[in-house]
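Participant: Everything in the sequence shown is counted per the working numbering, starting at -15 for the first residue and increasing by one.
Built from N, CA and C at the ideal position, the CB exists for glycine as well.
Since this is a predicted model, take the numbers as computed values, not measurements.
Below: one structure in structure tokens.
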Amino acid sequence: MDASLFAKAAREEKDAMLENYLGSTDNMAGEQIAKLKAAGASDELLREVFNSVLTDCFYNILLGIDGQMPIGSLGERSYRLLAPDSTVIANASGTLAEAAYEAFYGEEG
């Protein structure tokens, strides 16, 4: 696994969460979204809002892991993230940040 595969997996998780929230009332978020729909919010608007929120959240966490921005009150720190085979996924080199940008905002995103 490398930074690109890790970022793509994060994007897949974000997409799965979005579909789960929008397509099910079996969870708290789904129940609240159903209430918004009943109050007149369109499916398209809700999808846009939740997609934006989840994208920003996942992308910013990946940038934080790569030392490119702060995570909460921790400030900007360098983290070293290794795959099970000891391949470096993140080490403040910007590799994960670049892969995250491509996964969430690039041609693949």
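What is the residue span of the alpha helix (DSSP H) that Ala87 lies within?
Facilitator: 79 to 89
Participant: In chain order, what are the residue ranges of uninterrupted beta strand (DSSP E) at least 3 long that sit wholly in the region -5 to 74?
Facilitator: 72 to 74
Participant: Assign Asp27 to buried or exposed, taking buried as 16 or more other Cβ atoms, counted over all protein chains shown, within 10 Å of its Cβ.
Facilitator: It is exposed - the Cβ of Asp27 has fewer than 16 other Cβ atoms within 10 Å.
Participant: Does the separation of the CB atoms of Asp40 and Ala74 fall below 8 Å?
Facilitator: no
Participant: Going by other Cβ atoms of all chains shown within 10 Å of its Cβ, with 16 needed for buried, is Lys(-2) buried or exposed?
Facilitator: Burial call: buried.
Participant: Using three-state DSSP, classify Ala(-9) as helix, strand or coil.
Facilitator: helix
Participant: Less than 8 Å between the CB atoms is what I'm expecting for Leu6 and Leu20, so what's the real figure, rounded?
Facilitator: The Cβ separation is near 11 Å, so there is no contact.
Participant: Have a look at Ser8 and Phe34 and give me their C-alpha separation to the nearest angstrom.
Facilitator: Looking at the backbone, the Cα of Ser8 and that of Phe34 are separated by about 14 Å.
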